[in-house]
Amino acid sequence: EQAGMLAREQEIENLQKQARAQMLLSDEARTQSVRAESAYTHASAVLIDTRSRAEQATRRVHTLQMDVLKLSQAMERFSARSNQIREELAEIDAQIDEQRAIRAESEASFEQHDAQLADMQASHEDQQMAFEGMDAKLSGARQQLRDLERAAQEALFAERNLAGRIDELRRNIQMAGDQSERIAESLENARAELETINEQTANTGLQEALEVRAEKEQKLSAARIELDALSAQLRQFDEQRLAAERSLQPLRDRITECQLKEQAARLNQDQFTEQLATAEVDEAALAEKLTGDLKPSYLQGEVTRLNNAINALGPVNMAALDELTAARERKTFLDAQTADLTDAINTLEDAIAKIDQETRALLQGTFDQVNHHFGELFPSLFGGGQARLIMTGEEILDAGVQVMAQPPGKKNSTIHLLSGGEKALTAIALVFAMFQLNPAPF
Numbered sequence: 032e033q034a035g036m037l038a039r040e041q042e043i044e045n046l047q048k049q050a051r052a053q054m055l056l057s058d059e060a061r062t063q064s065v066r067a068e069s070a071y072t073h074a075s076a077v078l079i080d081t082r083s084r085a086e087q088a089t090r091r092v093h094t095l096q097m098d099v100l101k102l103s104q105a106m107e108r109f110s111a112r113s114n115q116i117r118e119e120l121a122e123i124d125a126q127i128d129e130q131r132a133i134r135a136e137s138e139a140s141f142e143q144h145d146a147q148l149a150d151m152q153a154s155h156e157d158q159q160m161a162f163e164g165m166d167a168k169l170s171g172a173r174q175q176l177r178d179l180e181r182a183a184q185e186a187l188f189a190e191r192n193l194a195g196r197i198d199e200l201r202r203n204i205q206m207a208g209d210q211s212e213r214i215a216e217s218l219e220n221a222r223a224e225l226e227t228i229n230e231q232t233a234n235t236g237l238q239e240a241l242e243v244r245a246e247k248e249q250k251l252s253a254a255r256i257e258l259d260a261l262s263a264q265l266r267q268f269d270e271q272r273l274a275a276e277r278s279l280q281p282l283r284d285r286i287t288e289c290q291l292k293e294q295a296a297r298l299n300q301d302q303f304t305e306q307l308a309t310a311e312v313d314e315a316a317l318a319e320k321l322t323g324d325l326k327p328s329y330l331q332g333e334v335t336r337l338n339n340a341i342n343a344l345g346p347v348n349m350a351a352l353d354e355l356t357a358a359r360e361r362k363t364f365l366d367a368q369t370a371d372l373t374d375a376i377n378t379l380e381d382a383i384a385k386i387d388q389e390t391r392a393l394l395q396g397t398f399d400q401v402n403h404h405f406g407e408l409f410p411s412l413f414g415g416g417q418a419r420l421i422m423t424g425e426e427i428l429d430a431g432v433q434v435m436a437q438p439p440g441k442k443n444s445t446i447h448l449l450s451g452g453e454k455a456l457t458a459i460a461l462v463f464a465m466f467q468l469n470p471a472p473f
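As numbered in the numbering used here, the sequence shown has no gaps in its residue numbers, which increase by one up to the final residue, 473.
Here it is in structure tokens:
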């Protein structure tokens with residue numbers, strides 16, 4: 032029995048030891064569970080922060096890329112504007128060369144014309160004589176114009192007098208017509224009375240009726256005589272009116288002719304005055320030198336010769352110097368704009384180069400640190416092996432990133448050839464490697 036008690040006590044002691052061991056294991060499991068939960072919470076926070084940092088880095092890279100794109104577009108616009116300005120400058124240079132050639136040609140033509148002018152001045156006396164004849168002809172035309180004006184004035188007065196006379200004759204004819212109508216009416220009345228008298232003769236007696244009839248016939252005869260006289264006077268008035276109208280037409284024709292001659296004389300006067308003004312002749316000095324008339328044929332020949340000499344001079348662009356000055360000012364303005372655009376392009380290129388340099392340095396440093404931490408964390412999670420990040424291009428700003436992982440016992444390969452669990456552990460290693468760049472303060 033004592034042996035049984037000892038065995039039972041020993042068994043109880045063993046059970047108590049096992050219970051204490053289980054409690055220790057349970058406490059350790061709880062501790063590990065708490066640690067695991069804490070690690071999970073920490074890993075989740077690290078993952079969130081890492082994602083946030085990755086998003087910020089992505090946004091920063093996108094912002095930098097947009098800035099580079101905008102700067103590139105601005106540079107393209109400036110380059111296009113610069114090319115346009117260069118084309119305008121080339122066009123202006125061509126215009127300047129053309130203006131210089133025109134100016135040289137104009138100067139040569141001017142020298143030639145100056146020589147011709149010197150030759151023409153040799154015949155200045157002959158030209159003065161021609162202009163003196165023109166002035167004499169102009170004086171005659173002016174006198175003829177004054178005579179024509181007086182004749183036209185006289186014809187106008189005569190026309191007005193005849194018009195008044197015609198109006199008076201028309202009034203007389205109207206009065207005579209009215210009087211003739213009254214006489215005819217009286218004659219009709221007399222005839223009516225005569226018929227009445229004839230009727231009365233049968234009633235009151237022949238003698239009395241005959242006396243009344245004789246008296247009425249005398250009145251009727253007198254009325255007829257007066258009517259004939261008025262008719263003759265009316266015909267005379269009509270004849271006078273027709274004669275006045277016939278004499279008025281030649282006066283009108285003469286007035287029209289005088290007006291035409293006056294217009295022709297004024298045109299000749301204007302032409303002579305314009306010719307004298309074009310030749311810059313002093314009319315007072317010309318009048319003093321006027322000695323006599325010249326032959327019209329000689330004057331016409333001189334005028335023709337002078338016109339031919341003037342036409343031979345050809346057109347001269349007097350505005351060529353002003354156009355050349357404006358072109359030079361335009362070229363100076365475009366040169367200043369070109370210089371400003373060139374400075375702006377250089378500034379933008381420097382800014383782009385600086386941004387690219389800083390971005391390359393920042394991206395390369397970040398890539399190297401993440402790659403280093405990734406290479407350290409991967410063996411810890413897998414119990415061995417190795418992993419690294421590889422850029423897929425020479426230019427870091429345009430290159431992609433490839434994950435190379437080699438778990439223990441496997442060949443080095445890309446992450447796409449790993450299993451799902453291996454991919455998850457590799458991703459966790461990469462996330463923690465990125466998190467170690469800027470750990471969260473907790």
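Beta carbons are placed, not taken as given, at the ideal position from N, Cα and C, and that holds for glycine.
(request) Look at the Cβ atom of PRO410, then the Cβ atom of GLN417, and state whether they are nearer than 8 Å. (result) Counted from its first residue, the sequence shown places residue 410 at position 379. Counted from its first residue, the sequence shown places residue 417 at position 386. Going by C-beta atoms, PRO410 is nearer than 8 Å to GLN417.
(message) Give me, in chain order, the residues of the same chain whose beta-carbon lies closer than 6 Å to that of GLY424; leave out the 5 immediate sequence neighbours on both sides.
(response) Counted from its first residue, the sequence shown places residue 424 at position 393. Excluding residues within five positions, the ones whose Cβ falls inside 6 Å are ALA430.
(request) Pull up the distance between the alpha-carbon of ARG117 and that of ARG131, whole angstroms please. (result) As a working note, residue 117 is residue 86 in the sequence shown. As a working note, residue 131 is residue 100 in the sequence shown. Our two residues, ARG117 and ARG131, have alpha carbons roughly 21 Å apart in a direct line.
(request) With DSSP collapsed to three states, give me the class of SER450. (result) For the purposes of this step, residue 450 is taken as the residue at position 419 of the sequence shown. Coil, per DSSP.
(message) Please give me, in chain order, every unbroken run of the beta strand (DSSP E) with length at least 3 that falls completely inside the stretch 400-462.
(response) The stretch 400-462 contains these whole beta strand (DSSP E) runs: 417-422, 432-437.
(request) Give the secondary structure of ALA233 by DSSP, where H, G and I count as helix, E and B as strand, and everything else as coil. (result) Stepping through the sequence shown from its first residue, residue 233 is reached at position 202. Low per-residue confidence applies at ALA233: pLDDT is 49, beneath 50, and the placement is therefore not dependable enough to give any value.
(request) Compare the C-alpha of GLN395 against each of ILE427, LEU365, THR369 and name the closest. (result) Looking up residue 395 in the sequence shown gives position 364. The alpha carbon of GLN395 has as its nearest neighbour, out of ILE427, LEU365, THR369, the alpha carbon of ILE427.
(message) Tell me which residues share the same chain as MET54 and place their Cβ nearer than 6 Å to its Cβ, disregarding the 5 neighbours each side in the sequence.
(response) Within the sequence shown, numbered from 1, the residue matching residue 54 stands at position 23. Listed in chain order, the non-local C-beta contacts of MET54 below 6 Å within the same chain number zero, local neighbours out to five positions each way being set aside.
(request) Look at the Cβ atom of ALA460, then the Cβ atom of LEU412, and state whether they are nearer than 8 Å. (result) Here residue 460 refers to the residue found at position 429 when the sequence shown is read from its first residue. Here residue 412 refers to the residue found at position 381 when the sequence shown is read from its first residue. It is a contact, given that the beta carbons lie within the stated cut-off.
(request) Under 8 Å by Cβ, that's how I've got ILE421 and GLN437 pegged, so tell me the actual separation to the nearest angstrom. (result) Along the sequence shown, read from residue 1 onward, the residue named residue 421 stands at position 390. Along the sequence shown, read from residue 1 onward, the residue named residue 437 stands at position 406. About 13 Å separates the two Cβ atoms, so there is no contact after all.
(message) Buried or exposed for THR94, going by 16 or more other Cβ atoms inside 10 Å?
(response) For the purposes of this step, residue 94 is taken as residue 63 along the sequence shown, with counting starting at 1. Taking all protein chains shown into account, THR94 has fewer than 16 neighbouring C-beta atoms within 10 Å of its C-beta and is therefore exposed.
(request) Go ahead and pull the three-state DSSP assignment for ASN469. (result) As a working note, residue 469 is residue 438 in the sequence shown. For ASN469, the three-state secondary structure derived from DSSP is coil.
(request) Closer than 8 Å by C-beta to ILE127: which residues in its own chain qualify, once you throw out the five before and the five after it? Chain order, please. (result) Within the sequence shown, numbered from 1, the residue matching residue 127 stands at position 96. Excluding sequence positions up to five before and after ILE127, its CB lies within less than 8 Å of the CB of LEU355, ALA358, ARG359, LYS362, all in the same chain and listed in chain order.
(request) Measuring alpha carbon to alpha carbon, tell me which of HIS403, ASN443, GLY415, GLY35 ends up nearest PHE463. (result) Residue mapping note: residue 463 aligns to position 432 of the sequence shown, counting from 1. With distances taken between Cα atoms, PHE463 lies closest to HIS403.
(message) Rounded to whole angstroms, what is the Cα-Cα separation between ARG51 and GLY35?
(response) Mapped onto the sequence shown, residue 51 falls at position 20. Mapped onto the sequence shown, residue 35 falls at position 4. Rounded to whole angstroms, ARG51 to GLY35 spans 24 Å at the Cα level.
(request) Determine the burial state of PHE405: buried for a count of at least 16 other Cβ atoms within 10 Å of its Cβ, exposed for fewer. (result) Here residue 405 refers to the residue found at position 374 when the sequence shown is read from its first residue. With a 10 Å radius around the Cβ and a threshold of 16 neighbouring Cβ atoms, PHE405 comes out buried.
(request) Leaving out five residues on either side along the sequence, give the residues of the same chain with a beta carbon under 8 Å from the beta carbon of ASP371. (result) Locating residue 371 in the sequence shown gives position 340, where the first residue counts as 1. The beta carbon of ASP371 is closer than 8 Å to none in its chain, skipping five residues each way along the sequence.
(request) Would you decide whether MET97 is buried or exposed? Buried here means 16 or more other CB atoms lie within 10 Å of its CB. (result) Residue mapping note: residue 97 aligns to position 66 of the sequence shown, counting from 1. So MET97 counts as exposed.
(message) With a threshold of 8 Å between beta-carbons, can ASP301 be considered close to chain C, or not?
(response) Although the question refers to chain C, the structure presented lacks it and comprises just one protein chain.
(message) Please determine whether the Cβ atom of THR62 lies at a distance below 7 Å from any heavy atom of the ligand SAM.
(response) Absence of the ligand SAM is noted for the structure shown, with no ligands found whatsoever.
(request) Starting from the Cα of ILE446, find the closest Cα among ALA458, GLU40, GLU407 and give me that residue. (result) For the purposes of this step, residue 446 is taken as the residue at position 415 of the sequence shown. It is ALA458 whose Cα lies nearest to the Cα of ILE446.
(message) For ILE43 and GLU59, I'd like the C-alpha separation in whole angstroms.
(response) For this step, residue 43 is matched to residue 12 along the sequence shown. For this step, residue 59 is matched to residue 28 along the sequence shown. Approximately 24 Å between the Cα atoms of the pair.
(request) Please classify LEU482: is it buried, with 16 or more other beta-carbons within 10 angstroms of its beta-carbon, or exposed? (result) The requested residue 482 is not part of the displayed model; the chain covers only 32 to 473.
(message) Using a 10 Å radius around the Cβ and a threshold of 16 neighbouring Cβ atoms, would you call PHE466 buried or exposed?
(response) Sequence index remark: in the sequence shown, residue 466 carries index 435 (1-based). By the neighbour-count criterion, in which 16 or more other beta carbons inside 10 Å mark a residue as buried, PHE466 falls on the buried side.
(message) Tell me the rounded alpha-carbon separation between THR335 and PRO281.
(response) Translated into the one-based positions of the sequence shown, residue 335 becomes position 304. Translated into the one-based positions of the sequence shown, residue 281 becomes position 250. Between the C-alpha atoms of THR335 and PRO281 there is a straight-line separation of about 40 Å.
(message) Measuring straight from C-alpha to C-alpha, what distance separates GLN368 and LYS101?
(response) Looking up residue 368 in the sequence shown gives position 337. Looking up residue 101 in the sequence shown gives position 70. Using only the alpha carbons, I get a separation of about 22 Å.
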